[in-house]
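Right, one structure below, let's go through it.
Number of protein chains: 2
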Amino acid sequence: MMKKLLLGLLLLRVLSSHAQENLDFNAKKEITSPEINADKSITFRLMAPNAKKVELQGDLLGATNTALMEKQADGIWTYTTSSLKPELYSYSFIVDGLKIRDANNVYQIRDVASVVNVVIVPGGKADYYLVADVPHGTVAKRWYQSPGNNKQRRISIYTPPGYEAGKNKYPVLYLLHGMGGDEEAWLALGRTAQILDNLIAQGKAKPMIVVMPNGNVAQQAAPGEDSKGLYKPTMQLPNTMDGKMEETFADIIKFTEANYRVNANKTNRAIAGLSMGGFHSLHISRYYPKTFDYVGLFSPAIMPFGKTTSPVYENLDVTLKNQFNNGLKLYYIAIGKTDFLYKTVEDYRKKLDGFGVKYNYVESEGGHTWSNWRDYLVLFVPQLFNQL
Amino acid sequence: MMKKLLLGLLLLRVLSSHAQENLDFNAKKEITSPEINADKSITFRLMAPNAKKVELQGDLLGATNTALMEKQADGIWTYTTSSLKPELYSYSFIVDGLKIRDANNVYQIRDVASVVNVVIVPGGKADYYLVADVPHGTVAKRWYQSPGNNKQRRISIYTPPGYEAGKNKYPVLYLLHGMGGDEEAWLALGRTAQILDNLIAQGKAKPMIVVMPNGNVAQQAAPGEDSKGLYKPTMQLPNTMDGKMEETFADIIKFTEANYRVNANKTNRAIAGLSMGGFHSLHISRYYPKTFDYVGLFSPAIMPFGKTTSPVYENLDVTLKNQFNNGLKLYYIAIGKTDFLYKTVEDYRKKLDGFGVKYNYVESEGGHTWSNWRDYLVLFVPQLFNQL
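Quick note, the sequences are listed as chains A and B, same order. The numbering used here puts the first sequence at residues 15 to 402. The numbering used here puts the second sequence at residues 15 to 402.
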């Protein structure tokens, strides 16, 4: 018994100090950062006794974006925000000019080549982004064959709670990322699995499958997930808005409908996307004009730029009218008042008004941000598939 | 046309500068770090013009573990290693005493509360860790009901290429993480999906399902993935080696066999784990003595420490003999020569030798490291299910 206890103590000591790689159990262990206070302010802390200047940078500071942190006697720099609205915020520290992540916060998101920390102030709309004690869907990372792109491509699929155990057929939302994103973006930055779990648990959304493809058809997969190795991510322009994504979208629908128990008809298909994904949704839904009863354009880009010879962008007006003439249940456009794409969306709405077609328009505060795109998703999804 | 072009240029400029959140397109864009050179040395770079001292820290430096980087005229600190063996390495920078991650490398792994960068030197064994242009399996994050723990719990499942399209039944490897890990560990640090894809593509492993549960039964899921929110991860002792994981492992087998096309028999079940997961594998395979034909103990802990009243740890010798008497095809033990658990594993081997039972023993260089655990996985998996 004594031997066991001694071994146990040894095991604990060694595992807790240097045995398991990469573990770091020094003074930093006692620092909590970020700490969300009772009044929904957040306190940030960084142990940096040698630093001369430490700043906090992030959307939670509003327009100022940057704030000086204060050095305490123990070498820990701190900053406490004012009370914050419920939201998923991102932030970094800047130490003597060097942007770094919070050593005490393991939660991060990647956006192209930048990685920043995230913190969620709970309550209100942010509760949709948190994991609740409700039934959970499954998130799968799969590969499909895209004959149109002559490659295997990676795709993220959310299936709702109960999918595997049941025999029901489900409707499908195709959800497309923006420029700089990939098949990980709506899950990581968009909190799609949490949002869907929570909306479904609350009876606000119909159980549905959400298919999140990679809209950069020059890529097989998100950076690090294909045979190019661990390269530094870059924007995928101009290969993302040249018509190829739209032309080959049938490969994705075909894969989905061959591999999942879905209701494979227009009434049970929705497509939505943000920014470039809104652009893709606009053109895909028009290029396959009898395919989707629900279309969501979140802060959409409208027209391609640069040269493209793709048939996708030809005859915009005629094909748009054709799409609406075929009938659809929801054509949803959302944009923030300060979004740099506001004017082009306004022009697009005038065009639709000129056609005399109906669409649902949401104008929010703010700009071209994930905060808005998560909001739009939470607003859009409950309107799908006759849930309301 | 000119209007489109102008809009295009505007779109590109805005998206590339400040529209999409968190993107950072300043001077750092031109820095490549890490850069793997032709001779398999690696050059690291960090823009830190105000820093006084910058160090590189990581397993790629061998026993010294830390090296001084040199400041160049442009404010970029650099360090080039000697030629390195193919491997997945992890590293950090230390800037004036502050440990930070490489701003130019988005690839990272988390180990409990520490996040470090990773880099893979290709060739040899490391090619198993890289995504190759081969058919890929699916990785799903699912939830199962564990009546024994009275909770929903998250679980990672790898299904091999072709699983979804076919009708075959598959064998199952249950693969268990160590102390400090969770259902993400074997995928993130262990590169299990890549290893399996590559071994299967090369005909070296039989297509199999790999089930990676969370061995901390006090947890529902990995940090950030359950309703506790985005808390700071900690070691889960003492709730990880108290018998509850073993007692409730039947819930995991039941879930797997009810949800996947598997051959639900002893010949087609394997269990393996590292460190605490090796301990779990030892005791689970003995506690369910007619269940597994293949058992893998990678750097295993052997006996629980502290007090436990669980029936799991009673009658070790009798139940072990019973397990071997029931017949099994492979009992595999692997450990590094400098592992702090070497002695207890040696004692355990003497016990097995005393019983006169057969096992397969691998003694490697090195210690209690993911490098070894990935090696053991690559050695173990080809021996499963009559592949050899």
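Ideal Cβ placement from N, Cα and C applies to all residues, glycine included. Values in this document were obtained by computation on a predicted structure and should not be read as measured data.
Cβ of residue i less than 9 Å from any chain A Cβ?
i	result
B/Arg-275	no
B/Glu-239	yes
B/Thr-46	yes
B/Ser-96	no
B/Met-61	yes
B/Pro-325	no
B/Thr-305	no
B/Gln-166	yes
B/Ala-87	no
B/Val-231	no
B/Ala-202	no
B/Ala-235	yes
B/Pro-149	yes
Got a sec? Which residues, its chain only, sit under 6 Å from residue i by beta carbon, not counting five neighbours each side?
i	result
B/Asn-282	Pro-185
A/Leu-75	Ala-81
B/Pro-63	Gly-89
A/Pro-247	Val-126, Ala-127 and Pro-237
Tell me the DSSP secondary structure of residue i in three-state form.
i	result
B/Arg-363	helix
A/Arg-388	helix
A/Glu-328	coil
B/Ile-209	helix
B/Phe-312	strand
B/Asn-371	Strictly speaking, residue 371 of chain B in this sequence is Val, with Asn absent from that position. Residue state, collapsed to three classes: coil.
B/Gln-122	strand
B/Lys-183	coil
A/Pro-174	coil
A/Leu-70	strand
A/Asn-339	helix
B/Thr-152	strand
A/Ser-378	strand
A/Ile-45	coil
B/Phe-58	strand
A/Ser-97	coil
B/Tyr-356	helix
A/Pro-396	helix
A/Arg-275	coil
B/Phe-263	helix
A/Leu-37	Only weak support exists for where A/Leu-37 lies, its pLDDT of 42 falling under 50; the value from the coordinates is given anyway. A/Leu-37: coil per DSSP, three-state reduction.
B/Arg-283	strand
B/Arg-167	strand
Residue i CB to nearest chain B CB: under 9 Å?
i	result
A/Lys-157	Looking at the sequence itself, residue 157 of chain A is Trp, so the reference to Lys does not match. Chain B contact via Cβ: present.
A/Arg-300	no
A/His-297	no
A/Ala-146	yes
A/Thr-152	yes
A/Ile-134	yes
A/Val-224	no
A/Val-129	yes
A/Ala-65	yes
Report buried or exposed for residue i, applying the criterion of at least 16 other Cβ atoms within 10 angstroms of its Cβ.
i	result
A/Gly-287	buried
A/Glu-69	buried
B/Ser-295	buried
A/Gly-194	buried
A/Asn-253	exposed
B/Ala-219	buried
A/Ala-65	buried
A/Asp-240	buried
B/Thr-352	exposed
B/Leu-19	Unreliable positioning characterises B/Leu-19 in this predicted model, as indicated by a pLDDT of 43, which lies under 50. The coordinate reading is nonetheless provided below. Its Cβ having fewer than 16 others within 10 Å, B/Leu-19 is exposed.
B/Glu-35	Note on B/Glu-35: pLDDT 46, under 50, position unreliable in the model; the coordinate value appears next. B/Glu-35 should be labelled buried.
A/Pro-161	exposed
Answer yes or no: the CB of residue i versus the heavy atoms of the ligand GDP, is any distance below 8 Å?
i	result
A/Glu-239	The ligand GDP is not part of this structure, which contains no ligands at all.
Can you find the residues in the same chain that come closer than 7 Å, C-beta to C-beta, to residue i, ignoring five residues on each side of it along the sequence?
i	result
A/Ser-11	This structure leaves residue 11 of chain A out entirely; chain A is present only between 15 and 402.
A/Ala-232	Gln-250 and Asn-253
Only counting the same chain, and skipping five residues up and downstream in sequence, which positions put a Cβ closer than 8 Å to that of residue i?
i	result
A/Gln-337	Ser-299, Arg-300 and Pro-303
Item to check | Against chain A: residues of the segment 170–195 of chain B by CB proximity under 7 Å | outcome: Residues Glu-178, Gly-192, Met-193 and Gly-194.
Checklist entry - Using a beta-carbon distance cut-off of less than 8 Å, what residues from the segment 244–258 of chain A approach chain B? => result Within the segment 244–258 of chain A, the qualifying residues are Leu-244, Lys-246, Pro-247, Met-249 and Leu-251.
Next on the checklist: By the 8 Å beta-carbon criterion, what residues does the segment 98–124 of chain A contribute toward chain B?
Outcome noted: Going along the segment 98–124 of chain A in chain order, one finds Ser-104, Val-109, Asp-110, Gly-111, Leu-112, Lys-113, Ile-114, Arg-115, Ala-117, Asn-118, Asn-119, Val-120, Tyr-121, Gln-122, Ile-123 and Arg-124 with a Cβ nearer than 8 Å to chain B.
Checklist entry - Can you list, in chain order, the residues of the segment 310–322 of chain B whose Cβ is nearer than 7 Å to any Cβ on chain A? => result Residues passing the 7 Å Cβ filter: Ala-315, Met-317, Phe-319 and Gly-320.
Item to check | Chain-ordered residues of the segment 385–396 of chain B with a beta carbon less than 8 Å from chain A | outcome: From the segment 385–396 of chain B, no residue has a Cβ closer than 8 Å to chain A.
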